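Asks: Got a structure for you, questions after.
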Amino acid sequence: MSAQSLRKRKSALADPVRQLEYLAGGMFADGELPTFKEKLKKHGMDHLRPGTLEILQINLGYMCNQVCEHCHVDAGPDRKEIMTRETMEQCLEVLRTTGAHTLDLTGGAPEMNPDFRWFVEQAYAIGVKDLIVRSNLTILNANKKYYDLPEFFKAHNVHVVSSMPHWTRGKTDRQRGSGVFDRSIQALKVLNSVGYGVPDSDLQLDLVYNPAGAFLPAGQQDLEKEFKKALLEDFGIHFNQLFTITNLPISRFLEYLIASENYEDYMYSLVEAFNPAAATNVMCTNTISVGWDGYLYDCDFNQMLDLKVDHSLKHISEYREDLLADRNIIISQHCYGCTAGAGSSCQGTLA
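Sequential numbering of the sequence shown, starting at 544, is according to this note's numbering.
Listed below in structure tokens is the structure:
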């Protein structure tokens with residue numbers, strides 16, 4: 544789907560306020576869904592509270608070379624939101640002065656930020672332990688200026704985490720767009736060729752799977768075995784881990800659920816699969832999400848709903864870990880997505 548055709552299709556639900564109003568409605572044919580807060584209380588949790596900051600997740604901008612059907616960021620080539628170098632410098636200062644050991648760079652396609660390489664170089668220079676770049680793979684062969692990224696990643700010990708909806712062409716292209724599968728396979732082969740994901744290499748290459756429809760992902764370990772077997776036998780491709788992520792009912796996926804008349808059933812399935820063990824390990828307890836403009840959120844999904852942290856210090860330029868630790872994590876109905884079944888986070892399952 545082109546960016547132009549997607550824009551024409553977009554409804555009023557593109558507005559975060561409207562999305563939250565829709566999610567908060569909760570009145571379905573068979574009754575009313577409990578709020579996420581009520582569900583937590585039923586299991587002895589009055590609030591979710593942050594722990595020690597371990598991961599700084601930064602959205603470098605919403606610009607992307609793809610327009611994926613279920614993208615919760617609503618990213619595309621026509622998006623103009625982009626992080627400045629000044630804001631990146633403020634993020635680096637937080638990394639220097641806190642115990643955060645992981646820098647997780649997201650987008651859009653984070654590589655499309657004009658200061659992306661500078662930022663990676665600076666983070667590498669200050670000794671960030673785990674420097675993650677979430678790549679859609681196709682950016683690596685989208686344009687000549689990106690062709691050398693695999694070597695750049697290797698030189699800076701970047702941990703590459705890449706979207707890969709399926710090991711088959713049909714299912715991948717239906718979710719990501721025509722031709723995405725072949726270009727992704729090409730990119731994975733190049734990453735393997737420089738040492739990523741191959742046996743006896745320290746260069747980490749992980750893949751991310753999220754379902755193509757209104758259902759929860761299968762077990763992460765079983766899916767990983769299937770992915771590894773298929774990609775190795777069919778294409779000679781190696782990778783390290785597979786992360787399964789549940790689709791949260793926001794942005795384009797919420798629109799899909801409503802348009803396909805799957806919204807009620809999907810929400811019921813999330814609520815019924817609530818797992819208190821997953822709720823105690825949700826990523827918002829050890830992660831701060833930084834928007835392209837520097838504002839702070841409990842997680843990437845709250846960022847897309849414009850739910851800034853519940854504290855007077857709301858911008859990365861004001862960051863004080865000792866003060867920000869004294870807050871409640873903002874929750875809403877979409878949080879059921881992270882606590883269903885084995886749980887879901889940017890690092891895969893939780894329980």
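We put the CB at the ideal spot given by N, CA and C, even for glycine. Note that this is a predicted model, so its numbers are computed, not measured.
So, is the C-beta of N829 closer than 8 angstroms to a C-beta in chain C?
Replies: Reference to chain C is not applicable here, since this structure consists of a single protein chain.
Asks: On a Cα-Cα basis, can you pick out the residue from G642, W661 and D617 that is closest to T630?
Replies: The residue with the shortest Cα to Cα distance from T630 is W661.
Asks: Output needed for F724: all residues of its chain with C-beta closer than 7 angstroms, excluding positions within five of it in sequence on either side, in chain order.
Replies: Only R712, T715 and D716 meet the Cβ criterion.
Asks: Under the assumption that P819 contacts H586 (Cβ atoms under 8 angstroms), give the Cβ distance between them as a whole number of angstroms.
Replies: Their Cβ separation, rounded to whole angstroms, is 4 angstroms, which keeps P819 and H586 in contact under 8 angstroms.
Asks: Would the segment 741 to 753 count as touching the segment 839 to 853 if we require 3 or more Cβ pairs under 8 angstroms?
Replies: Verdict: no, contact absent.
Asks: Please go through the same chain and pick out, in chain order, the residues whose beta-carbon is closer than 8 angstroms to the beta-carbon of F770, but skip the five residues on each side of it.
Replies: Closer than 8 angstroms at Cβ, skipping near neighbours: M707, W710, L750, Y752, F782 and L785.
Asks: Would K732 and I682 qualify as a contact pair, given that the criterion is a beta-carbon distance under 8 angstroms?
Replies: Cβ atoms of K732 and I682: not closer than 8 angstroms.
Asks: Just to confirm, is the Cβ distance from A652 to N679 under 8 angstroms?
Replies: For A652 and N679, yes; Cβs fall inside 8 angstroms.
Asks: For H615 and F796, which I take to be in contact (beta-carbon distance under 8 angstroms), what is that distance rounded to the nearest angstrom?
Replies: The pair is a contact, with the Cβ atoms about 6 angstroms apart (cut-off 8 angstroms).
Asks: I'd like to check one pair, R628 with Y948: are the Cβ atoms closer than 8 angstroms?
Replies: Lying before the first or after the last residue shown, residue 948 is absent from the chain, which here runs from 544 to 894.
Asks: If you draw a straight line from the alpha carbon of Q633 to that of D808, how long is it in whole angstroms?
Replies: Looking at the two C-alpha atoms, the distance is approximately 43 angstroms.
Asks: Under the three-state reduction of DSSP, which class applies to S812: helix, strand or coil?
Replies: If DSSP states are grouped into helix, strand and coil, S812 belongs with the helices.
Asks: Tell me the DSSP bridge mates of T830?
Replies: I598.
Asks: Can you tell me whether V560 is buried or exposed? The criterion is at least 16 other CB atoms within 10 Å of its CB, across all chains shown.
Replies: By the 10 Å Cβ count, V560 comes out exposed.
Asks: Since Q641 and L596 are thought to touch, with beta carbons under 8 angstroms apart, how far apart are those beta carbons, to the nearest angstrom?
Replies: Rather than Gln, the amino acid found at residue 641 in this sequence is Thr. Right, the Cβ-Cβ distance comes to about 5 angstroms (below 8 angstroms), so this counts as a contact.
Asks: Is it true that the segment 825 to 839 meets the segment 879 to 894, where meeting means three or more beta-carbon pairs spaced less than 8 angstroms apart?
Replies: Taking 8 angstroms as the limit for Cβ pairs, the verdict is that the segment 879 to 894 does touch the segment 825 to 839.
Asks: When burial is assigned at 16 or more other CB atoms within 10 Å of the CB, is H590 buried or exposed?
Replies: When all chains shown are included, H590 counts as exposed.
Asks: Who are the near neighbours of V814 in its chain, counting only those whose CB is closer than 6 angstroms to its CB and skipping five residues on each side?
Replies: Counting only Cβ-Cβ distances below 6 angstroms, and skipping sequence neighbours, we find L576 and Y879.
Asks: If you check the beta carbons only, do C881 and R719 fall under 8 angstroms apart?
Replies: No, Cβ-Cβ distance for C881 and R719 is not below 8 angstroms.
Asks: Kindly indicate the opening and closing residues of the beta strand (DSSP E) around D716.
Replies: That residue, D716, is in no beta strand (DSSP E); its alpha helix (DSSP H) goes R712 to R719.
Asks: Go through its chain and collect everything with a Cβ distance to L635's Cβ below 6 angstroms, but skip five positions before and after it.
Replies: Cβ neighbours of L635 beyond the five flanking positions: Q665.
Asks: Restricting to Cα atoms, I'd like to know which of A567, H613 and M626 is closest to V833.
Replies: Nearest option by C-alpha distance: M626.
Asks: Taking C-beta to C-beta, are F844 and L893 nearer than 8 angstroms?
Replies: The answer is no: Cβ separation not under 8 angstroms.
Asks: Check K582 in the structure and name its three-state DSSP category.
Replies: Helix at K582.
Asks: Could you check which residue in D558, L638, S803 and L775 has the C-alpha nearest to that of I728?
Replies: The candidate whose alpha carbon is nearest that of I728 is L775.
Asks: Between the alpha carbons of A698 and I873, how many angstroms are there, rounded?
Replies: If I take the Cα positions, the gap works out to 38 angstroms.
Asks: Tell me the DSSP secondary structure of K672 in three-state form.
Replies: It is coil, neither helix nor strand.
Asks: Tell me the residue span of the alpha helix (DSSP H) that contains Y799.
Replies: Its alpha helix (DSSP H) spans residues S794 to A802.
Asks: Taking only three categories from DSSP, how would you classify D749?
Replies: In the structure shown, D749 sits in a strand (DSSP, three-state: E or B).
Asks: Using the Cα positions of N871 and F659, report the straight-line distance between them to the nearest angstrom.
Replies: Straight-line Cα distance between these residues: approximately 32 angstroms.
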